[in-house]
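Just so you know, the protein sequences line up as chains A and B, in that order. Numbered by the working numbering, the letters in the first sequence go through residues 1 to 422 in order. Numbered by the working numbering, the letters in the second sequence go through residues 423 to 685 in order. Idealized CB from N, CA, C, for every residue including glycine.
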Amino acid sequence: MSDIKTGIGRYITKKDVKRSGLMALWFMFLTFPIMVVKVNTVTDTVEWRWINMFIVGIFSFILTHVWKLMIDRREGRIAAADNTGETTEKLSWRERLDEKPALKRTASLIFLALAALFPIVTGMYQTSIMITALLYVVLALGLNIIVGLGGLLVLGYIVFYGVGAYTYALLNYHFGLNFWLALPLGGLFAMILGILIAIPVLRLRGDYLAIVTLAFGEIFRIVMENWNGLSFGPSGIANIPRPALFGLDFSIQQSTTLTYYVILAFVVITIFVVRRLEDSRLGRSWVAMREDEIAGEAMGIDMWKTKLAAFALSTFWAGVAGVIFAGKTTFINPASFTMWESILVLCMVVLGGMGSIPGVISGALIITLLPEYLRAFSELRMLIFGAVLVLVMVFKPDGMIPAIRQKYEFKGISGNKKKGDK
Amino acid sequence: MAPILDVKKLRMDFGGLRAVNDVDLYINQGEIVALIGPNGAGKTTFFNCITGVTRPTAGDVLICPPSSHKSERINGMKPNVITERGLARTFQNIRLFQNMTVLENVMIGRHPRMKAGVIGAIIRDPRTRTEEKQVIEDSHEILKKLNLEIFVNELAKNLPYGAQRRLEIARAMATEPFLLLLDEPAAGMNPQETRELDETIVRIRDTEGITILLIEHDMSLVMSLSERIYVVDYGKLIATGIPEDIKKNPEVIKAYLGEEIDA
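Here it is as structure tokens:
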């Protein structure tokens, strides 16, 4: 047995075959009720589709092998890295990209140009989908400040998105406030509420913070559903004007294109601001808070201020995104701001890579666009979506594009010096 | 001259347990003082009371920074305020910012000596940029002092154990303290590393003028390093004096080795 060193035999042992066989049997048993038995209600007979059972068996037999090979390869790689003890030897493509700022800048500009051309090349439907995706990019980047950098698990983030949307809808309904004025106001109101919520919950951390923020999320939604005098309850607010320029009458198409550019501009601004914050005194204290709160305090960081800043700066973006959302859909009601949305945004941050801007952006794009473009597979799309999430978490536990820390160069020294050289 | 740290009748109760029982302690500028005692004697609790992690039940903690000579009562202050006043500490179980680079760890230590705010961070005005540059330079200098500059861009968690211990000291030094509190700096070190640590601590005191209070179990290190020793057991101060006296003190021997039973 051990002589077999070539081909498949190198990877697959008798034990594996046995295990896969058992797995296949288990899956055949599990899927038996839905894949095999089919009740024909017209003739009142039961169809036994035994062939499906074999298909499930064969597929799971093959897939368990593939799965095991992939896990083995992953673990092999980790073991190899541990053996050498040097994790920096092989630079990732991102670290290599960091060493060439010119290339990085060009790449970003090309991305931006493509994004700017998007509504011209494609139709209104595609543009509309992309607006939603970019709204989530802003949301995810905002939440990334609290969760990714600050390490505070907040589950009610969508509240602040709702506050932005309701700010625009209500101020427009009562006072005829236009979209452009509502943009900063929505952000501001979300920020104020963020600070107000933050003050009582700041003493909590971890799971407790998550539960309390979750509760706040539900409170917001229930209040909006029941306080008819303020929010018009579940029937919501309709006929919210789309964004327009200089009081001109815009067609739906023009307005959609305009909304697209507004949200694109906000994505760029958000990236710019978050990027700069990340690499500042405040950003470092956020990461220190995530890593070790007590040590951070011992290093002179005022955790209270740091947390408040994280909440304030994070909720602002949600408010702005909310205003744009209201302007895009022209109708809002509490159903748009459920807990599920909060979880989805959190998924984007975790899946993409906590604290990593490119990671969070791609996380948001994948989670919003994948189900959209999988519509062709109709009933399978949520299954595929779920499978992708599981695969990413198994094979890339730090997210698709994990965060890397800023490196600093120093003249003349940088590692050439021998160890123990005094 | 007033002692830079003067602790009077410090008491800390956890429910019915008195972890620190009316301990008096003072440190003069430029001294190296050790606080020793068997496991569970209340040494770390004492540190926590001084650095603001826990609020003492009773007693006074007075500091008198050598720069201002103004005495101030610091019990009940938040840890970050105490650090700003000039007391820095390390932890018994290493508490580095694991996923940050070595340099960033030290830069965090510079935090209380920086001014940049949110607006400065976003618009990056000249003042913020100069400050940032200065901090990078300063932090690098501190790393050099502790022979850590080869690890500059390495993540803290990837460092060898001894280097992690040194990084904790570097990080604490970055806050520009006048008093450095080291909680078991030699724990888990081999004899070679301990000798190097001994030299490092003396160097910090001599060249930086930082006074040092340390908790340590390694007796050879304590005896060679410290000028005065305080011994606590069950939260109570049982002896104090120069190393030679402490070595011979029957109370201390009893606390460490147990009492002889007459049979």
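Check: What three-state label does DSSP hand residue 27 of chain A in the structure shown?
Finding: In the first sequence, counting from the first residue as 1, residue 27 of chain A sits at position 27. Helix.
Next item on the list: Taking a Cβ distance cut-off of 9 Å, strictly less, list which residues of the segment 598 to 628 of chain B are near chain A, in chain order.
Entry: Contact residues of the segment 598 to 628 of chain B toward chain A are absent (C-beta to C-beta distance below 9 Å).
Notebook entry, point to check: Going along the chain, which residues of the segment 524 to 550 of chain B sit with their C-beta nearer than 7 Å to a C-beta in chain D?
Noted result: Absent from the structure is chain D; the protein chains it does hold are A and B.
Note to self: Using DSSP's beta-bridge definition, name the partner residues of residue 454 of chain B.
What the structure shows: Stepping through the second sequence from its first residue, residue 454 of chain B is reached at position 32. Per DSSP, the beta bridge partners of residue 454 of chain B are B/634.
Note to self: Which residue wins for smallest C-alpha separation from residue 669 of chain B, given the options B/657, B/656, B/646, B/658?
What the structure shows: By 1-based counting over the second sequence, the position of residue 669 of chain B is 247. Out of B/657, B/656, B/646, B/658, B/646 has the C-alpha closest to the C-alpha of residue 669 of chain B.
Checklist line | Residue interval of the alpha helix (DSSP H) (run including residue 502 of chain B) | finding: Here residue 502 of chain B refers to the residue found at position 80 of the second sequence. Run containing residue 502 of chain B: 501 to 507, per the alpha helix (DSSP H) assignment.
Margin query: Taking the alpha carbon of residue 181 of chain A as the reference point, which residue from A/215, A/168, A/313 has its own alpha carbon closest?
Written below: Position 181 of the first sequence, counted from the first residue, corresponds to residue 181 of chain A. If we check each option's Cα against that of residue 181 of chain A, A/168 comes out closest.
Next item on the list: Would you list, in sequence order, the uninterrupted alpha helix (DSSP H) runs of no fewer than 4 residues that lie entirely inside the segment 569 to 633 of chain B?
Entry: Runs of the alpha helix (DSSP H) inside the segment 569 to 633 of chain B: 583 to 595, 613 to 625.
Notebook entry, point to check: Name the residues in the segment 631 to 647 of chain B whose C-beta lies less than 7 Å from a C-beta of chain A; which are they?
Noted result: Here the close residues number zero.
Checklist line | Cutoff 9 Å: residue 18 of chain A Cβ touching any chain B Cβ | finding: Within the first sequence, the letter at position 18 stands for residue 18 of chain A. No, because no Cβ of chain B sits closer than 9 Å to the Cβ of residue 18 of chain A.
Notebook entry, point to check: Who are the near neighbours of residue 238 of chain A in its chain, counting only those whose CB is closer than 8 Å to its CB and skipping five residues on each side?
Noted result: Reading the first sequence from its first residue, position 238 is the one you call residue 238 of chain A. Taking C-beta separations shorter than 8 Å and ignoring five residues to either side along the sequence, the partners of residue 238 of chain A in its chain run 330, 331, following chain order.
Check: Relative to chain A, which residues along the segment 474 to 502 of chain B have a C-beta separation below 9 Å, given in chain order?
Finding: For the segment 474 to 502 of chain B, residues whose beta-carbon sits nearer than 9 Å to a beta-carbon of chain A comprise 474, 475, 500, 501, 502.
Next item on the list: Take residue 358 of chain A and list the residues in its own chain whose beta-carbon comes closer than 7 Å to its own, dropping the five residues that flank it on each side.
Entry: What you label residue 358 of chain A is simply residue 358 of the first sequence in a count that begins at 1. Excluding sequence positions up to five before and after residue 358 of chain A, its CB lies within less than 7 Å of the CB of 401, all in the same chain and listed in chain order.
Next item on the list: Could you pull the start and end residues of the beta strand (DSSP E) that residue 434 of chain B belongs to?
Entry: In the second sequence, residue 434 of chain B corresponds to position 12, counting from 1. Counted as a single uninterrupted DSSP element, the beta strand (DSSP E) harbouring residue 434 of chain B occupies residues 427 to 436.
Item checked: residue 482 of chain B - DSSP class collapsed to helix/strand/coil -> As a first step, residue 482 of chain B is located in the second sequence; it is residue number 60 there, counting from the start. Here DSSP, grouped into helix, strand and coil, assigns residue 482 of chain B to strand.
Next item on the list: Just list the beta strand (DSSP E) runs in the segment 498 to 559 of chain B, keeping only unbroken ones of 3 residues or longer that don't cross its boundaries, in chain order.
Entry: With a minimum length of 3 residues, the continuous beta strand (DSSP E) runs that stay inside the segment 498 to 559 of chain B are 509 to 511.
Note to self: Assess contact between the segment 475 to 491 of chain B and the segment 543 to 558 of chain B, defined as three or more Cβ pairs (one per stretch) separated by less than 8 Å. Is contact present?
What the structure shows: Contact fails between the segment 475 to 491 of chain B and the segment 543 to 558 of chain B, because fewer than three Cβ pairs, one in each stretch, are under 8 Å apart.
Check: Given that residue 292 of chain A touches chain B, what residues does it touch there, using C-beta distances under 7 Å?
Finding: What you label residue 292 of chain A is simply residue 292 of the first sequence in a count that begins at 1. Here the neighbours are 517, 519.
Checklist line | Among A/56, A/179, A/121, A/366, nearest to residue 255 of chain A - alpha-carbon criterion | finding: Start at 1 with the first residue of the first sequence, and residue 255 of chain A comes out as number 255. Out of A/56, A/179, A/121, A/366, A/179 has the C-alpha closest to the C-alpha of residue 255 of chain A.
Check: Hey, would you say residue 657 of chain B sits closer than 9 Å to residue 594 of chain B, going by beta carbons?
Finding: If you number the second sequence from 1, residue 657 of chain B lands on position 235. If you number the second sequence from 1, residue 594 of chain B lands on position 172. In this structure, the beta-carbon distance from residue 657 of chain B to residue 594 of chain B does not fall below 9 Å.
Item checked: Buried or exposed by the 16-neighbour rule on C-beta atoms within 10 Å, applied to residue 549 of chain B -> To locate residue 549 of chain B, count along the second sequence from 1; it is residue 127. A residue is called buried once 16 or more other Cβ atoms fall within 10 Å of its Cβ, and residue 549 of chain B, having fewer, is exposed.
Check: If you run the structure through DSSP and keep just helix, strand and coil, what is residue 329 of chain A?
Finding: In the first sequence, counting from the first residue as 1, residue 329 of chain A sits at position 329. DSSP places residue 329 of chain A in helix when its eight states are reduced to three.
Check: What first and last residue would you give for the alpha helix (DSSP H) that runs through residue 676 of chain B?
Finding: The residue you call residue 676 of chain B lines up with position 254 of the second sequence. For residue 676 of chain B, the enclosing alpha helix (DSSP H) has its first and last residue at 672 to 679.
Item checked: Partners in chain B for residue 299 of chain A, counting only beta-carbon separations shorter than 7 Å -> Along the first sequence, read from residue 1 onward, the residue named residue 299 of chain A stands at position 299. One finds 505, 530, 531, 533, 593, 597 in chain B with Cβ atoms closer than 7 Å to the Cβ of residue 299 of chain A, taken in chain order.
Notebook entry, point to check: Beta-carbon separation of residue 643 of chain B and residue 616 of chain B under 9 Å?
Noted result: Residue 643 of chain B sits at position 221 when you count from the first residue of the second sequence. Residue 616 of chain B sits at position 194 when you count from the first residue of the second sequence. Yes, the pair counts as a contact, with Cβ atoms nearer than the cut-off.
Checklist line | Contacts that residue 285 of chain A makes with chain B (C-beta to C-beta distance below 8 Å) | finding: Your numbering for residue 285 of chain A matches position 285 in the first sequence. The answer, in chain order, is 530, 533.
Check: Name the DSSP bridge partner or partners of residue 448 of chain B?
Finding: Position 26 of the second sequence, counted from the start, is the residue given in the question as residue 448 of chain B. The partner list for residue 448 of chain B (beta bridge, DSSP) reads B/428.
Next item on the list: Starting from residue 465 of chain B, trace the alpha helix (DSSP H) both ways and give me its first and last residue.
Entry: Translated into positions along the second sequence, residue 465 of chain B becomes position 43. Unbroken alpha helix (DSSP H) run through residue 465 of chain B: 465 to 473.
Next item on the list: Sort B/652, B/592, B/636 by Cα distance to residue 563 of chain B and report the nearest one.
Entry: Taking the first residue of the second sequence as 1, we reach residue 563 of chain B at position 141. Residue B/592 is the option with its Cα nearest to residue 563 of chain B.
Item checked: Rounded separation between residue 435 of chain B and residue 425 of chain B - CA only -> Here the question's residue 435 of chain B lines up with position 13 in the second sequence. Here the question's residue 425 of chain B lines up with position 3 in the second sequence. When rounded, the distance between both Cα atoms is 26 Å.
Next item on the list: Please name the residue, chosen from B/458, B/438, B/475, B/465, that lies closest to residue 296 of chain A on a Cα-to-Cα basis.
Entry: Locating residue 296 of chain A in the first sequence gives position 296, where the first residue counts as 1. Ranking the options by Cα distance to residue 296 of chain A, first place goes to B/475.
Checklist line | Whether residue 454 of chain B touches residue 649 of chain B by CB criterion (9 Å) | finding: As a position in the second sequence, residue 454 of chain B is number 32, starting the count at 1. As a position in the second sequence, residue 649 of chain B is number 227, starting the count at 1. At the C-beta level, residue 454 of chain B and residue 649 of chain B come within 9 Å of one another.
Next item on the list: Can you pull the chain B residues whose beta carbon is under 7 Å from the beta carbon of residue 281 of chain A, in chain order?
Entry: Indexing the first sequence from 1 puts residue 281 of chain A at position 281. Think of a sphere of 7 Å around the beta carbon of residue 281 of chain A: the chain B residues whose beta carbon falls inside it are 533, 536, 538, 543, in chain order.
Next item on the list: Mind checking who residue 171 of chain A pairs with in its DSSP beta bridge?
Entry: Within the first sequence, the letter at position 171 stands for residue 171 of chain A. According to DSSP, residue 171 of chain A bridges with nothing at all.
Next item on the list: Drop a sphere of 10 angstroms on the beta-carbon of residue 314 of chain A, count the other beta-carbons inside from all chains shown, and report buried for 16 or more, exposed for fewer.
Entry: Indexing the first sequence from 1 puts residue 314 of chain A at position 314. Its Cβ being crowded by 16 or more others within 10 Å, residue 314 of chain A is buried.
Margin query: Comparing C-alpha positions only, which one of A/333, A/27, A/42, A/40 sits nearest to residue 53 of chain A?
Written below: By one-based count along the first sequence, residue 53 of chain A stands at place 53. Of the listed residues, the one whose Cα sits closest to residue 53 of chain A is A/27.
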